[in-house]
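When we follow this note's numbering, the leftmost residue of the sequence shown carries the number 132, and every step to the right adds one.
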Amino acid sequence: MGKCDVLIIGGGLAATMAALKLADQMSVILVRKGTVEDGNSCKAQGGIAAALHKSDSPSLHELDTLIAGCHKNDRQMVNILVHEGKVRLKRWIGEGLPFDMAEDGDYSYGIEGAHRMRRILHSGGDRTGEKVMDYFGQRLKGRVRAYDSLTAAELLIDQGVCRGALFTGNQGSVKKIVARHTILATGGVGGLFQETSNDSLITGDGLAMAWRAGAALKDLEYIQFHPTLIYSNGKATGLASEALRGEGARLIDETGRQIMEGVHPLKDLAPRDVVARKLYEKVREGHDVYLDISRIHRFCQRFPQISRICRAQGIDLKQKVIPVRPGAHFHMGGVRTDENGRTTVPGLYAVGEAAGNGVHGANRLASNSLLEAVVFGERTGEYILSHPAPFHARKVSIKLQDIHDGGLTRLPGKEVIRRKVSSALGVCRNREDLQDFISWAEVYEFKSSSIDSSSLFNKEMIEQRSMLLSAWLIAKAALKNEHSCGAHFREDGKGRGVNEQVFAETTIS
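As structure tokens, this is what we get:
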């Protein structure tokens with residue numbers, strides 16, 4: 132597959148925004164693990180938060196972001212997000228990016244958890260991710276080389292500099308791409324869990340590859356659990372957007388009692404970590420939990436994607452309730468980056484959910500993820516354009532090893548890993564479970580920076596290795612941080628600490 136100026140691993144919104152910035156001046160190869168429809172960006176039901184309304188301001192948006200993140204956020208990153216986000220989004224709207232309009236001719240602004248203002252823009256009701264990706268995908272079409280169904284196996288590191296990556300195809304073929312700059316846009320870690328809103332392809336690949344390459348990581352313990360995954364036939368089957376609660380839906384138990392009454396001043400629109408813990412508590416006590424949608428008029432017309440999921444699962448929307456459970460949704464941590472997407476490894480960048488830039492703190496504010504993808508995806512592209520790197524004549528060698536007597540060939544299956552991860556790293560955590568998981572994981576060989584020659588041709592084994600390594604790293608961070616904060620809740624920790632503003636940053640080396 133050769134070489135290029137910029138290799139982008141991933142195909143979601145952050146990857147697309149970086150590619151759009153680079154396409155006209157540099158050669159770009161964009162590699163997706165599946166197809167564009169398989170990523171999380173296309174599945175996003177919520178909208179894009181931006182302070183565009185005349186009664187709103189970036190400063191108010193910044194404050195809501197900090198409060199939701201328990202002030203664990205990097206303030207510089209938050210400032211960039213809300214101020215540049217407004218400017219960049221207005222520019223794209225001016226160029227034709229479509230959003231839903233209200234009857235008065237203004238945008239139809241929604242409100243979601245922990246926002247104090249209506250500032251959420253939607254497109255196609257609850258199909259924002261799909262519509263936005265379609266718009267930007269059309270603008271990118273034909274301008275970069277794009278490949279589907281290739282799994283990134285390893286980053287190519289030469290003398291401490293990232294020079295590209297190795298990929299495995301579904302039929303076992305191996306591809307090497309050498310690049311001046313490599314951008315990780317591989318998403319988060321939702322696929323490590325049994326119940327998740329994420330696509331099953333999201334298995335922590337970027338996190339694992341970056342760690343093996345020597346990159347610093349950040350805030351790994353902070354994994355957001357969305358309170359309302361649609362729950363049917365004993366499993367999570369899709370997401371019920373927070374926009375439902377913004378439009379009047381309420382969380383109730385099987386008796387009809389409102390669950391969030393008296394729990395938080397914002398009730399059903401409390402920060403996601405607060406709502407998820409309360410629902411987890413109710414389920415653990417043996418209760419069923421539901422979204423009461425009786426106050427939402429024209430539900431099917433306004434939320435077509437959620438309605439379609441419910442119908443497919445045999446949920447009768449005429450009953451005006453949707454069964455829900457919390458599930459893994461978003462990773463606030465990731466590969467440590469600066470404001471331009473640079474990691475601690477020269478030549479390697481990370482954007483979107485793969486990046487740990489601190490913008491979300493301990494808990495992401497609803498609908499800030501697509502905004503982050505736009506802002507920091509574009510910023511990373513802009514930085515690379517202004518800092519081109521020369522190609523080196525040195526041949527990048529591939530270090531292979533044969534692991535005998537076990538090793539990668541005996542890694543546990545993905546469902547076994549998901550069951551173990553869900554038990555130890557779920558909504559509520561404790562020392563004993565975390566230590567047990569770490570001890571269990573360390574029986575296996577998954578940390579080596581060398582590439583096992585048997586796994587290089589095996590997509591399944593690459594995913595197992597990535598999942599186990601990512602989960603082990605997260606568990607180590609969760610064990611180290613005994614303070615409960617935001618989405619990281621230790622039942623045996625040093626107080627709840629949800630509103631504390633100062634926490635020692637957890638770093639894995």
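Virtual Cβ for every residue (Gly too), placed ideally from N, Cα, C.
Cβ shell of residue i (< 6 Å), same chain only, five flanking positions each side left out
i	result
residue 341	466
residue 200	491, 492, 493 and 494
residue 537	Unreliable positioning characterises residue 537 in this predicted model, as indicated by a pLDDT of 43, which lies under 50. A coordinate reading is not provided.
residue 601	320, 335, 338 and 339
residue 274	154
residue 261	173
7 Å CB neighbourhood of residue i in its chain, flanking five on each side removed
i	result
residue 566	610
residue 422	359, 371, 375, 380, 382, 452, 453 and 455
residue 402	199, 244, 245 and 494
residue 411	457, 558 and 559
residue 171	143, 318, 329, 330 and 333
residue 624	613, 614 and 615
residue 271	147, 150, 151 and 154
Among the options, nearest to residue i - alpha-carbon criterion
i	options	result
residue 574	437, 298, 330 and 543	543
residue 561	608, 591, 336 and 600	608
residue 578	595, 590 and 591	595
residue 520	284, 230, 293 and 150	293
residue 217	237, 238, 183 and 234	183
residue 391	272, 147 and 244	244
residue 140	347, 338, 496 and 351	338
residue 673	497, 145 and 137	In the structure displayed, the chain extends from 132 to 640; residue 673 sits before or after that span and is not available.
residue 548	335, 615, 484 and 290	335
residue 317	624, 436, 517 and 165	165
residue 642	511, 498 and 435	Since the displayed the chain opens at 132 and closes at 640, residue 642 lies outside it and no answer follows.
residue 277	554, 151 and 623	151
residue 606	350, 332 and 148	350
residue 280	365, 499 and 142	142
residue 167	309, 144 and 158	144
residue 252	267, 229 and 261	229
residue 162	195, 175, 134 and 185	134
residue 552	437, 323 and 160	323
residue 209	347, 482, 194 and 399	194
residue 248	188, 297, 450 and 556	188
residue 448	231, 426, 159 and 388	426
Boundaries of the alpha helix (DSSP H) in which residue i is found, first to last residue
i	result
residue 505	500-517
residue 311	Premise fails: residue 311 lies in the beta strand (DSSP E), 305-315, not in any alpha helix (DSSP H).
residue 437	435-443
residue 339	336-343
residue 214	206-225
residue 357	Per DSSP, residue 357 belongs to no alpha helix (DSSP H); it is in the beta strand (DSSP E), 354-363.
residue 605	590-611
residue 199	189-199
residue 411	403-415
Residue interval of the beta strand (DSSP E) (run including residue i)
i	result
residue 370	366-370
residue 293	292-300
residue 390	From DSSP, residue 390 is part of no beta strand (DSSP E); its letter is neither H nor E.
residue 481	479-481
residue 452	452-462
residue 422	420-423
residue 134	134-140
residue 143	First-last for residue 143: undefined, no H or E at that position.
residue 465	465-467
residue 106	Here the chain comprises residues numbered 132 to 640, so residue 106 is not present and cannot be evaluated.
residue 282	281-289
residue 400	Looking at the DSSP string, residue 400 is not in any beta strand (DSSP E), and its letter there is neither H nor E.
Proximal residues to residue i (C-beta, below 8 Å), its chain only, five neighbours per side dropped
i	result
residue 86	Residue 86 lies beyond the range of the chain shown here (132 to 640); nothing can be said about it.
residue 368	360, 361, 362, 440, 443 and 444
residue 432	256
residue 622	559, 560 and 561
Neighbour-count burial assignment, residue i, 16 or more Cβ in a 10 Å radius
i	result
residue 250	buried
residue 190	exposed
residue 328	buried
residue 149	buried
residue 290	exposed
residue 326	buried
residue 488	buried
residue 500	buried
residue 386	exposed
residue 546	exposed
residue 597	buried
residue 518	exposed
residue 531	Because residue 531 sits at a pLDDT of 49, beneath the cut-off of 50, its placement in the model cannot be relied upon, and the following sentence gives the value as read from the coordinates. Counting Cβ neighbours within 10 Å, residue 531 comes out exposed, since fewer than 16 surround it.
residue 264	buried
Cβ of residue i within 8 Å of any chain C Cβ
i	result
residue 288	Included in the structure is just one protein chain, with no chain C present.
Can you confirm whether the region 172-189 touches the region 498-514 when touching is taken to mean that 3 or more C-beta pairs between the two stretches lie within less than 8 Å? yes
Determine contact between the region 253-263 and the region 199-206, defined as no fewer than three beta-carbon pairs at a distance below 8 Å. no
State whether the region 305-314 contacts the region 468-480, with contact taken as three or more CB pairs (one from each stretch) at a distance under 8 Å. In this structure the region 305-314 lies against the region 468-480, because at least three pairs of beta carbons, one per stretch, are closer than 8 Å.
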